[in-house]
Amino acid sequence: MLNHLQDNGTGMLPGIQLQFLRYLLMGQSPNKLLDGITATDMLHIYDFIWEKALEIGIRVKGERFSQSDMLKHLKSVEQYKLEVGCKEPLQRCITNDCVLQNEDCVRAKLKDQLNRLYRLISSYLKIEYRM
Amino acid sequence: MRDQAHHIVIFDKSSLEVERLVQLLRDNSFDVTVLSNAQDAYQFCLVSQPDLIVFDIKVAGKEGLNFYRQIKNQYSTQRIPLILTTEEADHNKRVELIEMGIDDFVAKPYYAEEVVARIINLFQEFRPATFISKSVERGFIGSLKEMTLIDLIQTMELGKKSGVINLNRGDKEGQIYVNRGRIVDAVVEDYDSVERAYLHMLTWIDGTFYVIFQDVHLDSQLVSDNQALFKEGAKIIDQWRRAIGELPSLHTCLIAVKDENNSALSYPERSMLAHFHESRSILQAIDVSDFDDFDGLKIIKSLLEKGLLIKTDMHRTEKNSQHLALHHALETDKRDAKTKYSHIFSIFQRNKRSNADNHGSMNDKTDERAESLLTQHGRIKNNVQLTKAELLLIRQKLGK
Amino acid sequence: MSFLSIHKDTHRIGEIVVAGPSLPLQKRFITHLCNEVVITGNSTVFGRSKITDELQIFFYGIGEKENYMDFAWDLVAPKMLGYVLVYNWFEGNSFASVQNLLNMLAGHTDCHGIVVGDVAGMPIHIEPSVYESGFSLSSKLYFALWDSTDKANAKSVLKILIDSLINHLE
Chain B
58 MLNHLQDNGT
68 GMLPGIQLQF
78 LRYLLMGQSP
88 NKLLDGITAT
98 DMLHIYDFIW
108 EKALEIGIRV
118 KGERFSQSDM
128 LKHLKSVEQY
138 KLEVGCKEPL
148 QRCITNDCVL
158 QNEDCVRAKL
168 KDQLNRLYRL
178 ISSYLKIEYR
188 M
Chain S
9 MRDQAHHIVI
19 FDKSSLEVER
29 LVQLLRDNSF
39 DVTVLSNAQD
49 AYQFCLVSQP
59 DLIVFDIKVA
69 GKEGLNFYRQ
79 IKNQYSTQRI
89 PLILTTEEAD
99 HNKRVELIEM
109 GIDDFVAKPY
119 YAEEVVARII
129 NLFQEFRPAT
139 FISKSVERGF
149 IGSLKEMTLI
159 DLIQTMELGK
169 KSGVINLNRG
179 DKEGQIYVNR
189 GRIVDAVVED
199 YDSVERAYLH
209 MLTWIDGTFY
219 VIFQDVHLDS
229 QLVSDNQALF
239 KEGAKIIDQW
249 RRAIGELPSL
259 HTCLIAVKDE
269 NNSALSYPER
279 SMLAHFHESR
289 SILQAIDVSD
299 FDDFDGLKII
309 KSLLEKGLLI
319 KTDMHRTEKN
329 SQHLALHHAL
339 ETDKRDAKTK
349 YSHIFSIFQR
359 NKRSNADNHG
369 SMNDKTDERA
379 ESLLTQHGRI
389 KNNVQLTKAE
399 LLLIRQKLGK
Chain C
36 MSFLSIHKDT
46 HRIGEIVVAG
56 PSLPLQKRFI
66 THLCNEVVIT
76 GNSTVFGRSK
86 ITDELQIFFY
96 GIGEKENYMD
106 FAWDLVAPKM
116 LGYVLVYNWF
126 EGNSFASVQN
136 LLNMLAGHTD
146 CHGIVVGDVA
156 GMPIHIEPSV
166 YESGFSLSSK
176 LYFALWDSTD
186 KANAKSVLKI
196 LIDSLINHLE
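Going line by line, the protein sequences match chains B, S and C. In terms of my numbering, the first sequence opens at residue 58 and continues consecutively. In terms of my numbering, the second sequence opens at residue 9 and continues consecutively. In terms of my numbering, the third sequence opens at residue 36 and continues consecutively.
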């Protein structure tokens with residue numbers, strides 16, 4: 058998805074992606090970078106970081122790597138919906154359909170997931186995670 | 009129809025045959041210059057960059073051969089097509105001449121009409137810009153402040169490279185010929201001895217250079233080897249730096265103070281003073297005077313101390329003179345925009361323009377300006393010039 | 036018989052631009068890959084790497100920030116193999132500078148490129164196996180870490196760029 062967007066010139070600036078990747082490899086929380094980023098951009102960033110997290114997971118763990126292990130460290134969509142008391146259908150939350158109607162909610166969800174991913178990658182890389 | 013008349017230089021002794029050829033060429037709207045002295049012909053070709061040279065290698069004995077070598081060894085002239093006319097009857101010798109890199113060959117006596125027809129065909133079939141010398145494919149340009157002549161030669165020596173180091177300082181131009189890392193010849197105006205020419209150019213510590221890697225078809229003109237020359241050169245450079253340290257910048261313009269009572273001056277002082285009747289830089293005065301560089305500096309220092317020379321406001325900027333060599337290279341390069349190396353020159357071309365336009369004003373807005381430069385051209389499409397096989401070859405080499 | 040001859044340029048050249056906020060880093064990168072390296076005027080670096088007698092790669096280290104605007108991108112970018120942006124991994128300013136340059140180049144050219152963070156002599160506590168093959172930013176852009184004191188690392192970086200080019204030709 059990201060490559061498609063990038064190649065069409067409508068995706069995130071590569072410099073921003075690079076900044077997120079830099080923080081990921083430094084074990085630094087991305088919170089500082091998320092200020093001022095729209096929910097739509099956060100979706101792109103999340104896709105990008107998810108892809109990088111998979112790559113790192115595979116490189117670190119090799120054959121022992123399992124995507125489901127990685128997913129276990131993230132908050133499930135059901136859990137998130139429950140916590141925020143959302144009555145929308147589950148599918149809308151899975152596909153982030155409400156990114157334009159309820160931007161803050163999507164932002165909050167992605168911020169939390171990104172932090173979880175960053176923390177997980179720090180543990181894979183055996184580096185200290187800093188908030 | 010030609011947009012502009014092609015310029016042809018004929019280097020040959022005067023004869024009815026040549027006169028007839030000249031007349032016919034002019035009738036066919038060519039610009040023609042006839043020269044019979046090898047050094048004049050070479051200098052003329054350097055300056056005028058003709059589209060074609062017709063010459064007789066035997067015109068002045070050894071000089072004809074020297075002329076040919078100079079043309080072929082000089083970066084700015086080596087792409088000019090050469091047509092050789094000669095009375096040489098020996099077939100083997102003719103073949104030798106062709107193997108030397110002559111583009112076309114006409115046996116003497118010739119019919120002028122035939123030569124003209126061949127020249128016209130030549131220009132119709134191939135534009136001069138398409139003449140690409142095989143040997144000109146790589147080189148580099150730089151400032152002698154950042155890389156001295158000795159550094160350059162040592163670099164070539166390390167890689168056992170052959171090529172011509174073209175040097176410029178002010179209005180002067182010189183060449184060092186290097187064959188497989190060894191200095192074989194050095195040429196600069198007013199210096200007959202190769203060794204002296206080389207040592208003289210070592211003092212050019214603030215000019216420009218452009219190096220062209222190419223085969224050099226010259227036998228060594230030097231007795232000493234590189235190491236001996238470096239040793240001698242290091243001494244000269246040291247002396248030169250000390251000498252110029254006692255003077256203002258060599259680009260400083262000076263003018264003679266009118267003083268009727270100059271009779272107390274020595275002959276060399278009076279002679280040097282005469283060169284400053286109009287504003288001139290120290291470097292220019294030394295170059296035009298008959299004095300050795302070191303003597304010239306000493307005399308100017310003495311004249312300054314005596315108050316007979318004063319600084320003027322007429323600055324001949326160092327940058328301008330430094331860019332003469334680049335300009336030279338750029339002009340030559342225009343002859344073949346497809347030459348791979350044009351990119352290198354383009355880099356400097358941009359620098360030249362921006363230095364002139366934006367003197368000292370490049371800081372915070374650099375990114376914006378660079379971006380605007382890119383934006384001017386829209387989104388630049390990239391078409392990689394190498395084939396997949398070539399890329400795989402690179403990949404394989406990196407993998408080793 | 037006419038001996039008029041047009042010498043065809045049989046040499047094949049691939050061009051790579053090396054940029055970034057530090058000229059010494061550019062020089063180090065180029066030096067690791069080239070048999071001939073020359074610091075030219077205007078603080079730029081030129082390097083040549085011979086692959087075969089007919090094929091070579093030219094590296095143009097275009098110097099620091101003030102040189103970006105002077106560089107003939109419009110002439111070089113359409114034909115070059117790609118660009119390498121080098122910076123110091125540990126320096127925030129160095130990163131910011133390369134970030135801007137990357138945005139600029141990716142925004143205005145569709146060239147292949149790789150951004151390289153130098154970790155020379157500093158511990159980053161990450162296994163080389165994690166980063167030595169680089170990370171893609173898009174189908175034509177990559178990021179890699181390298182140790183500029185190790186020649187083999189420069190080769191690895193170049194491999195990533197060349198692989199990217201090969202993949203696009205497939």
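For glycine and all other residues, C-beta sits at the position ideal for the given N, C-alpha and C. Here the structure is a predicted model, which is why all the values come from computation and not from measurement.
Less than 7 Å between C-beta atoms, sequence neighbours within five positions excluded: which residues of the same chain meet that for His285/S?
Ala264, listed in sequence order.
Check the Cβ of Lys109/B against every Cβ in chain C and list those closer than 7 Å, keeping chain order.
Result: Phe170.
Is there a Cβ of chain C sitting closer than 7 Å to that of Gly182/S, yes or no?
Not an interface residue.
Rounded to whole angstroms, what's the CA-CA distance from Asp341/S to Leu193/C? Just pull it up for me.
Only weak support is given to the placement of Asp341/S: the predicted model assigns it a pLDDT of 37, under 50, and the value that follows is read from those uncertain coordinates. Near 30 Å, if we compare the C-alpha coordinates of Leu193/C and Asp341/S.
Quick check: is the beta carbon of Leu394/S nearer than 7 Å to any beta carbon in chain C?
Closer than 7 Å to the CB of Leu394/S there is at least one CB belonging to chain C.
According to the Cβ coordinates, are Leu92/S and Phe113/S closer than 7 Å?
In this structure, Phe113/S lies closer than 7 Å to Leu92/S by Cβ.
Give me the chain B residues within the contact set of Ala256/C, using Cβ-Cβ distance strictly less than 9 Å, ordered along the chain.
Since the displayed chain C opens at 36 and closes at 205, residue 256/C lies outside it and no answer follows.
Buried or exposed: Thr144/C, going by 16 or more other Cβ atoms within 10 Å of its Cβ?
With a 10 Å radius around the Cβ and a threshold of 16 neighbouring Cβ atoms, Thr144/C comes out buried.
Would you kindly work out how many angstroms separate the C-alpha atoms of Ser279/S and Lys306/S, rounded to a whole number?
Approximately 13 Å between the Cα atoms of the pair.
Quick one: give me the first and last residue of the alpha helix (DSSP H) that Pro88/B is part of.
Looking at the sequence provided, one finds Asn at residue 88/B rather than Pro. For Asn88/B, the enclosing alpha helix (DSSP H) begins and ends at Asn88 to Leu91.
Report the partner residues of Leu90/S according to the DSSP bridge assignment.
DSSP, once it has assigned bridges, lists Ile61/S as partnering Leu90/S.
Extent of the continuous beta strand (DSSP E) to which Val151/C belongs:
Here the beta strand (DSSP E) through Val151/C covers Gly148 to Asp153.
Pull up the CB-CB distance for Leu100/B and Asn153/B, whole angstroms please, since I reckon it's below 8 Å.
With a Cβ gap of about 6 Å, Leu100/B and Asn153/B count as contacting.
With a threshold of 7 Å between beta-carbons, can Arg77/S be considered close to chain E, or not?
In the displayed structure, chain E is absent; the protein chains listed are B, S and C.
Does any CB atom of chain C fall closer than 7 Å to the CB of Gly93/B?
Not an interface residue.
Spell out whether any CB of chain C is found under 7 Å from the CB atom of Glu398/S.
Glu398/S counts as touching chain C.
Could you please give the first and the last residue of the uninterrupted beta strand (DSSP E) stretch that includes Val219/S?
Annotation: the continuous beta strand (DSSP E) that includes Val219/S extends over Thr216 to Phe221.
So, does the segment 207-223 of chain S touch the segment 167-187 of chain S, judging by three or more C-beta pairs under 8 Å?
When C-beta atoms of the segment 207-223 of chain S are compared with those of the segment 167-187 of chain S, three or more pairs fall below 8 Å, so the two segments count as touching.
Counting only the same chain and skipping the five closest in sequence on each side, list residues whose C-beta sits under 8 Å from that of Ala13/S.
These residues qualify, in order along the chain: Ser37, Phe38 and Asp39.
Quick check on the burial criterion: 16 or more other C-beta atoms within 10 angstroms. Buried or exposed for Thr216/S?
The residue in question, Thr216/S, is buried, as its Cβ has 16 or more Cβ neighbours within 10 Å.
For the beta strand (DSSP E) containing Glu181/S, list its first residue and its last residue.
Looking at the DSSP string, the run of the beta strand (DSSP E) that includes Glu181/S is Lys180 to Asn187.
CB contact below 7 Å: Lys194/C versus chain S:
It does: the Cβ of Lys194/C has a partner Cβ on chain S nearer than 7 Å.
From Ala110/B to Ala179/C, what does the alpha carbon distance come to, in whole angstroms?
Each residue's alpha carbon lies about 15 Å from the other.
Cys53/S, DSSP secondary structure in three states:
Taken through DSSP and simplified to helix, strand or coil, Cys53/S comes out as helix.
Throw me the rounded Cβ distance for the Val121/C and Ser57/C pair, which I believe falls under 8 Å.
Contact between Val121/C and Ser57/C holds: CB atoms are separated by about 7 Å, below the 8 Å threshold.
Do Leu81/B and Ile178/B have their beta-carbon atoms positioned less than 7 Å apart in this structure?
Cβ distance < 7 Å, so Ile178/B and Leu81/B count as in contact.
Assuming Ser191/C and Glu167/C are in contact, meaning their beta carbons sit under 8 Å apart, how far apart are those beta carbons, in whole angstroms?
Cβ-Cβ separation between Ser191/C and Glu167/C: approximately 6 Å, consistent with a contact (criterion under 8 Å).
Of all the options Val72/C, Gly98/C and Met115/C, which has the alpha carbon lying nearest to the alpha carbon of Gln438/S?
Only positions 9 to 408 of chain S appear in the structure, and residue 438/S is not among them; the question remains open.
In angstroms with no decimal places, state the Cα-to-Cα distance between Leu33/S and Lys66/S.
Distance between the alpha carbons of Leu33/S and Lys66/S: 22 Å.
The beta strand (DSSP E) that contains Asp200/S, what's its start and end?
Asp200/S -> no beta strand (DSSP E), and no H or E assigned at all.
Whole beta strand (DSSP E) elements within the segment 56-103 of chain C, 3-residue minimum
The qualifying runs are 71-75, 79-85 and 90-96.
Less than 7 Å between the C-beta atoms of Ala46/S and Glu71/S, yes or no?
In this structure, the beta-carbon distance from Ala46/S to Glu71/S falls below 7 Å.
Would you say Val160/C and Gly117/C are within 7 Å of each other, going by their C-beta atoms?
Note that residue 160/C is His in the sequence shown here, rather than Val. Going by C-beta atoms, His160/C is not nearer than 7 Å to Gly117/C.
Please check if any C-beta of chain S sits within less than 7 Å of the C-beta of Ile161/C.
At least 7 Å separates the CB of Ile161/C from every CB of chain S.
Where does Tyr118/S fall in DSSP's three states?
Assignment of Tyr118/S by DSSP, reduced to helix, strand and coil, places it in the coil class.
Please classify Ala54/C: does DSSP put it in a helix, a strand, or coil?
In this structure, Ala54/C counts as strand in the three-state DSSP scheme.
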